[in-house]
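Participant: The structure is given below, and queries will be raised subsequently.
Number of protein chains: 8
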Amino acid sequence: MNDYVKNLIEGLKSGAVSEEEAEVMIRKAPFVDMGFAKVDMHRAVRQGTPEVIYGAGKTPEQIRSIVDAMMTRGQEHILITRIDEERAAALEDLPDFRYYPQGKIGVMGGMPEPDGLGTVLIVTAGTSDIPVAEEAAVTAEALGNRVERAYDCGVAGLHRTLSHMDQIMKASVIIAIAGMEGALASVIGGLSDCPVIAVPTSVGYGASFEGLTALLAMMNSCASGVTVVNIDNGFGAAYSASMINHMKAK
Amino acid sequence: MNDYVKNLIEGLKSGAVSEEEAEVMIRKAPFVDMGFAKVDMHRAVRQGTPEVIYGAGKTPEQIRSIVDAMMTRGQEHILITRIDEERAAALEDLPDFRYYPQGKIGVMGGMPEPDGLGTVLIVTAGTSDIPVAEEAAVTAEALGNRVERAYDCGVAGLHRTLSHMDQIMKASVIIAIAGMEGALASVIGGLSDCPVIAVPTSVGYGASFEGLTALLAMMNSCASGVTVVNIDNGFGAAYSASMINHMKAK
Amino acid sequence: MNDYVKNLIEGLKSGAVSEEEAEVMIRKAPFVDMGFAKVDMHRAVRQGTPEVIYGAGKTPEQIRSIVDAMMTRGQEHILITRIDEERAAALEDLPDFRYYPQGKIGVMGGMPEPDGLGTVLIVTAGTSDIPVAEEAAVTAEALGNRVERAYDCGVAGLHRTLSHMDQIMKASVIIAIAGMEGALASVIGGLSDCPVIAVPTSVGYGASFEGLTALLAMMNSCASGVTVVNIDNGFGAAYSASMINHMKAK
Amino acid sequence: MNDYVKNLIEGLKSGAVSEEEAEVMIRKAPFVDMGFAKVDMHRAVRQGTPEVIYGAGKTPEQIRSIVDAMMTRGQEHILITRIDEERAAALEDLPDFRYYPQGKIGVMGGMPEPDGLGTVLIVTAGTSDIPVAEEAAVTAEALGNRVERAYDCGVAGLHRTLSHMDQIMKASVIIAIAGMEGALASVIGGLSDCPVIAVPTSVGYGASFEGLTALLAMMNSCASGVTVVNIDNGFGAAYSASMINHMKAK
Amino acid sequence: MNDYVKNLIEGLKSGAVSEEEAEVMIRKAPFVDMGFAKVDMHRAVRQGTPEVIYGAGKTPEQIRSIVDAMMTRGQEHILITRIDEERAAALEDLPDFRYYPQGKIGVMGGMPEPDGLGTVLIVTAGTSDIPVAEEAAVTAEALGNRVERAYDCGVAGLHRTLSHMDQIMKASVIIAIAGMEGALASVIGGLSDCPVIAVPTSVGYGASFEGLTALLAMMNSCASGVTVVNIDNGFGAAYSASMINHMKAK
Amino acid sequence: MNDYVKNLIEGLKSGAVSEEEAEVMIRKAPFVDMGFAKVDMHRAVRQGTPEVIYGAGKTPEQIRSIVDAMMTRGQEHILITRIDEERAAALEDLPDFRYYPQGKIGVMGGMPEPDGLGTVLIVTAGTSDIPVAEEAAVTAEALGNRVERAYDCGVAGLHRTLSHMDQIMKASVIIAIAGMEGALASVIGGLSDCPVIAVPTSVGYGASFEGLTALLAMMNSCASGVTVVNIDNGFGAAYSASMINHMKAK
Amino acid sequence: MNDYVKNLIEGLKSGAVSEEEAEVMIRKAPFVDMGFAKVDMHRAVRQGTPEVIYGAGKTPEQIRSIVDAMMTRGQEHILITRIDEERAAALEDLPDFRYYPQGKIGVMGGMPEPDGLGTVLIVTAGTSDIPVAEEAAVTAEALGNRVERAYDCGVAGLHRTLSHMDQIMKASVIIAIAGMEGALASVIGGLSDCPVIAVPTSVGYGASFEGLTALLAMMNSCASGVTVVNIDNGFGAAYSASMINHMKAK
Amino acid sequence: MNDYVKNLIEGLKSGAVSEEEAEVMIRKAPFVDMGFAKVDMHRAVRQGTPEVIYGAGKTPEQIRSIVDAMMTRGQEHILITRIDEERAAALEDLPDFRYYPQGKIGVMGGMPEPDGLGTVLIVTAGTSDIPVAEEAAVTAEALGNRVERAYDCGVAGLHRTLSHMDQIMKASVIIAIAGMEGALASVIGGLSDCPVIAVPTSVGYGASFEGLTALLAMMNSCASGVTVVNIDNGFGAAYSASMINHMKAK
């Protein structure tokens, strides 16, 4: 119970706070930072969930100080996205820290045991999409999911896609990652029987317009069950996939 | 067992098909229609799932003939989206048919009992977003979900959004529907602890560019757990939400 | 004091609500509708401020029922924007109702006395911009501002702009309305010494792209003191202008 | 030999035209209409090739007068694209005229015998793409090609695409027609071994942007052998396909 | 009185200038630089207002020479925007010069006492928006405003926004700064009772399109009282905010 | 001499206006409407120049009242652009009025004798561009230019373009009008030796984007001497062409 | 015969695989990688066809390992596109390897004898388009085509285009390469009697938008027989051209 | 008389060329390079006109070799645009060569005497536009025009624009150069009585989109007599301006 709430309740009971003052304090409560942050409530439900630091544009010092603050309040699992090798090196002494260079992502506190409903399958159209895929894969693993990878499955060589049919049919959630024309999302969406999260990538040249074409194409997917996240947003896709893979009756 | 496969197996055993011919037949098998359609496999798992007819641009006669074909093969539950009142009237005599004018959607075969993990909450920013919301709501109900509606919750009157906090926290999946600047998706995404599917709508004028602004804004949502579908695609959002609300261990 | 707060306080004091329950109730308080709506607080400060109904896409019946609800809770001044003559006719019997056909706007409860710091000057580039200007003008008047109009002052005939120099120099706030290339905003911004709110309009053809060109041009205005609202948003410009024209020490 | 050339040659030989005058006449020759139009040279090679009238925006009278001019100079085969039923009715008395309402195209002079290298296969993603497909099909037939149609083969139901594998492998040229995300082009391009001409269509809604998304996606096709024509340009695709299907050693 | 005007008046009175010549001179007057610059008139009203140098693309030498010219005519307060640390170092010897590295802005002549109606509150969605915010903050301070900062208040963590409710309700003008989906503007606009100037920033990636998405979203804000300036234009927002915060009866 | 100037001069001489007052009056002079409008000065130079009314969106009554005002101050030649046949009929009784239906333009006061340096050649790519061409042609004639027309000269049939080589080489100014890919501007620009004004038209479909493609293509013309006006702006092209065709030593 | 198929056939015949198991295995066959890749089937038809490695973004090591894999399975002809000189140097020891620096393309296994129907003519508008042209030229040669080059033929100097008329009329396929306004495609399309593949290039500045303008213009070409590939995609154009140039009766 | 024509004429007269062969040769004549290049014809009319080399992307060696070729055929005046200082240094030994660093343009052969109708006035909105302006200024001078410069005349300080009124009214052609919102073109167009060529520049940030906003705004100029060239195309504007300034009766 935080101080504000404590003072209010005790004051009311002791008479130190009048009814009128109490009303004002209650009305102001939403505007005081009571620490009812979403992450906290979430953590009450499932232990071991990491907090996330978006590393882009932050110096090692800034990242370090955020990590310190999190550790101080007891957080042992931290995910740091979008950091390059150099900045990751400066974090090497963190407890149980490991850097995944392909996905440019660091994990502190080790990987949890998978506790989801099933497997998160990560499919890419080409090899150039792998950095985005690895950001997704490491994120999903850090959030407690069993992950399978099926890379370079572009639909222009349909047999490459179909050769992963078993995985596609067994997955609980699929993350479909593609640049250029983004057709992978529709084909996977049509083959699978589970939610598909499509990630357009900035891979390509010319009229790929740094992912805009893939984004628009995925938006227009004629396959049901496909939703889309921002260009190159492997983290976001994995976060949603993990939520879906941890669904339970409410 | 379909004829092609039957002929192959029997021919091989009887010698009427040589090994070489068999190889060719097996290689061609994927390109023959063996009826392994996704919908069929899906239906094996959960009875009562409707098939869907996208009604836009179809005449009542065309819709009727598709319905007839579906009924012939035993389908009792059919969802017909994007039909106006006039075309719906021509379908009134279908068994257990009901037309929902706000969502411009018709359901044949009655609504199933909800059998999902929890509730699908449908939130809109304004009253003009209701047609898209009702397309989503009726679709979700027809797919076996308990649905709650929270309309006109735009973030410019934040108390309107927050007054639905109980529903937001209890939902299994949320569909957030908004035109104009689409900020609802980020606010709901930040308040909730479950997957959020954002639907941009073509509501607005000027620089809303018929939903493009809302689409781009939702794509950029800074809240984790938000994915996006096409402009005005209430059906697609509900289809994905239903998949998520019916997740089970695999 | 609303019931939720009352129950909380009395329950705490009587012991009917435990400290633990009280904490939960206080945490939930922001998410309960406590009626702290912006409009209400606003009205506490300045009597006579109208509530606004955005009429686009609403039937006369829908508008009427919103009006009734507002009247029930004592609101005497109502602004109804974006209604055509036909729908306005259906509201003629409202108390003290007047329809302004150029701005497609209706006012119930009569116009208040101007009580702002000075004059809101509304300038348009051409005669085709007048509907947007009149939406702004009537809105500003209904919000308690003295309004001056200077129409057809396009910068291609600079003498037309300059002939309003006196008004420009005396205005408290200027609303500059223009389609096509939107240059009026920069010229007015350079000549004036007060806040300028620029409204791009969808007037024009070809590469005006229904106001996008004017919007982008106004965004890039090289004159300091210029801010921009949505295409054709005369109401929004007037609302902001009125806020500025009613500034007082805080 | 036209008059200008005849006069030049004869004048030179008779001395009526001096060398200096001849030089001037030769220099000016390209700028005189000598009737060396592409269509004419083309016709020298293959008899029976029709001339084409783009009917959009032309009155029946205008079309009739162009037809008359063509008939006067001996043209018996004429293709009239983009005419609706009403205007087509006004042309019914033309010799051997037939109107194809799905493709909104009329053919005068009957269909020629196919004389191409093989078959032009026309594939569409959905049923809404059929009007564009029929414009292509009738054009290709009128230009002397055997045409096969495979409609409603969208990749979200991959078995529908694959069930046409025989046709895909046997075709000489494929025209792949799709709106929305346009993924059909990549899948067909990957499955086939012949030139594929992709036609984006304006079918779809929301972020399909009237064909722009399909156009960009097709441009980015990761399958080799795919080229693209304008949105809804069934005629242009068929014209190119026919050229390709009539290739011969040069 | 400048020479041109002096000569005109004296010449007329002495007869050295005829009536006809006088008319010509008067007509030509607007086209002679009489030094009636806006800034000068402005300065007559409020002493201490700085002149502004837009530093982008200027060498230290160019900036120095503009500063010298301004100092020569008595200007003691100068604001230099968009200069990096290196160029700022070259200006260190200016009287009472201070460089603010976060906002990349330098101030010569010290900060004035705040003399506005109230406080300018500067709110950002994230920490990456701080450079734009500091450009705004230092500008507002240099223009005589009391400034409060509330950074990292993004709406995905609504409690972070709401925890600044006191500041939001007490502010005279709010500058809301956000990249990505720009939802902050609508939320702040809905919570506050004062003019809100929204600044889209180029923060983000993928479909943020370097601020375009935030710009369009802010344009479409459903909250009244919100106007928008150019992407990253912290200076412009502060300039307008200062104008508003210095409003007085006219 | 207008009253303002007269009062100033006489007041100064009589002493009724002090030197200080005079200075203020002179400073304000540019901001008083002294009637130095461009059109008027222009008319001083060349008699018979018409004034122009942009008819789009104006009722016959509005046009009539503008015409009356112009006639009252002696204007005999008036050009009314963008009026349809119906509105033109309502103006039939104007003196010497003629309506040109193809260009949707009306001329009052008859056509002047051509007095330019040479010929304005108007070239179109197709027959659908003719309405824009006729707006240009009639405008140019009304402004005193000899006009030649070369319609349907699209570069896909290059001989059609080249057959007008004589006209192209003899023209003083060329207006090149084309929709779709707008290639005509570059070809004409390369063939001619005079200024070329390119007019993109909204003719086309699909990726022509209502003239945007032609506009951008013309902007990028690799031929020197080509400048561009707005989509479908035949009037603007002719106005500029007429200025160029009436150049004289200054 | 691969193992999967072999096991199926032999198992069925021996009784080790039941009919039910056989059906399942046949149904799964398409989803097992049977090596029916397009390239392989293609190679059955024409010996010597190279496989292609898209080199962009690959390290020399990655390229080397793909090459090794290809060589292992007997491929002697390999095309490596989009590699710079430095990476090419690391491949110099490959058998019969040659690097073409202008097109940034390497060929292993030597050039085949041309065996197409005729000549592939590659035309560029300017000299800056040559890198794209050389990517196309070397690709076409490596795929067995006789290639002619006609560079710097921009239509603004039409005589430059026309001076290649002989080549244009004799070509079997033409690749027309241009940036800026892309008019070359229409002019070549109008002059030639064979399929034209247009390649927009990112050459230009300002409103060329890195090839978008050329792409859109080429899409709108008014000449029949023109199809388009992605910006700067010389390889894709050549691949399609080679397919067309190797057409035979099917 | 060139060889082709000579052979044709002599052959015809001598009988070495048959009538049939002659017809073919005459028909092909337009497609043979007869050297009727535009520049050459132009030069016949006015001596001293320079040829132009577009230097962007060319090495000093390439430029040198083009210069040599031009000098060989007697050209003494050459303009080299878009070369940086370094490449210019390598050309210093050319006869009478001078490099203008602001406009990044070099002139060989000295500047001609101005021989146009009047003055070309070059106006810029800001100082950042000067590089484009100097490209225009040096080009215009090299083409034989008297040039006046009026820089930093942006319309946000209208007195700065108006202070150049004398120059504006006396100019024969005006080149108006501006980035950001491009309003200068409309204001100048409204003030002047001569052709105005507008040049959008890529100056600005945020929603200036590297000149696109200025381009669109200038396209929509409400002032008659304004035409537009590509972003940053100072050369093109000057070339057109020079053509206009050298108009004569034809």
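Residue numbers (the working numbering), protein chains in the order written: chain A, 1 to 250; chain B, 251 to 500; chain C, 501 to 750; chain D, 751 to 1000; chain E, 1001 to 1250; chain F, 1251 to 1500; chain G, 1501 to 1750; chain H, 1751 to 2000.
Yeah, the Cβ is synthetic: ideal placement off N, Cα and C, and Gly gets one too.
Does the region 479–489 of chain B touch the region 433–451 of chain B, meaning 3 or more C-beta pairs lie closer than 8 angstroms?
Facilitator: yes
Participant: With DSSP as the reference, label E86(A) as helix, strand or coil.
Facilitator: helix
Participant: Could you pull the DSSP bridge partners for F97(A) from this structure?
Facilitator: M108(A)
Participant: Beta carbon of A892(D), beta carbon of M861(D): below 8 angstroms?
Facilitator: Yes, these two residues count as a Cβ contact at 8 angstroms.
Participant: Considering only the beta carbon of each residue, do A933(D) and V905(D) sit closer than 8 angstroms?
Facilitator: Yes, the Cβ-Cβ distance between A933(D) and V905(D) is below 8 angstroms.
Participant: Distance, Cα to Cα, E1311(F) vs C222(A)?
Facilitator: 52 angstroms
Participant: From E771(D), S942(D), H996(D) and I816(D), pick the residue whose C-alpha is nearest to that of V976(D); which is it?
Facilitator: S942(D)
Participant: I'd like to know whether the C-beta of E931(D) is nearer than 8 angstroms to at least one C-beta of chain A.
Facilitator: yes
Participant: Let me see if you follow: with CB-CB separation under 8 angstroms, is S442(B) close to chain C or not?
Facilitator: no
Participant: Going by beta carbon distance, what residues of the same chain come within less than 7 angstroms of L1844(H), once the five residues before and after it are set aside?
Facilitator: For L1844(H), the CB contacts under 7 angstroms within the same chain, skipping 5 residues up- and downstream, are V1817 and M1858 in chain order.
Participant: Give a yes or no on whether 8 angstroms exceeds the smallest Cβ distance from K920(D) to chain G.
Facilitator: yes
Participant: So, is F781(D) buried or exposed, given that buried needs 16 or more other C-beta atoms within 10 angstroms?
Facilitator: For F781(D), the predicted model reports a pLDDT of 40, less than 50, meaning its position is unreliable; a value from the coordinates is still stated below. It is buried - the Cβ of F781(D) has at least 16 other Cβ atoms within 10 Å.
Participant: Quick one: is D346(B) near chain D, going by C-beta distance under 8 angstroms?
Facilitator: Taking Cβ atoms only, chain D never reaches closer than 8 angstroms to D346(B), which makes this a no.
Participant: Excluding the 5 residues flanking Y1599(G) on each side, which residues of the same chain have their C-beta closer than 6 angstroms to its C-beta?
Facilitator: Closer than 6 angstroms at the Cβ level, and outside the excluded window around Y1599(G), lie A1588 and G1606.
Participant: Let me know the secondary structure DSSP gives V1953(H) once reduced to three states.
Facilitator: coil
Participant: Whose C-alpha, out of S1742(G), P1601(G), M1570(G) and H1577(G), is nearest the C-alpha of D1584(G)?
Facilitator: Among S1742(G), P1601(G), M1570(G) and H1577(G), the Cα nearest to that of D1584(G) belongs to P1601(G).
Participant: Going by C-alpha distance, which of G74(A), P195(A) and P131(A) is nearest T49(A)?
Facilitator: G74(A)
Participant: Just list the residues that DSSP pairs R1491(G) with in beta bridges.
Facilitator: Absent from the structure is residue 1491(G), since the part of chain G shown begins at 1501 and ends at 1750.
Participant: Taking R146(A) as the reference, give the member of H164(A), L12(A), K6(A) and S172(A) with the closest Cα.
Facilitator: S172(A)
Participant: For V923(D), which beta-bridge partners are listed by DSSP?
Facilitator: V870(D)
Participant: Identify each residue in the region 216–247 of chain A for which the Cβ-Cβ distance to at least one residue of chain B is less than 7 angstroms, and report them in chain order.
Facilitator: M219, N220, S224, G225, T227, V228, V229, N230, G236, Y239, S240, M243, I244 and M247
Participant: Thinking C-alpha only, which one of H659(C), L662(C), A650(C) and G657(C) is nearest A676(C)?
Facilitator: A650(C)
Participant: According to DSSP, which residues form a beta bridge with L1579(G)?
Facilitator: V1552(G) and V1607(G)
Participant: Below 6 angstroms CB to CB, which residues in the same chain sit around G1118(E) once its five sequence neighbours on both sides are set aside?
Facilitator: S1172
Participant: Starting from T477(B), trace the beta strand (DSSP E) both ways and give me its first and last residue.
Facilitator: Residues V476 to V478.
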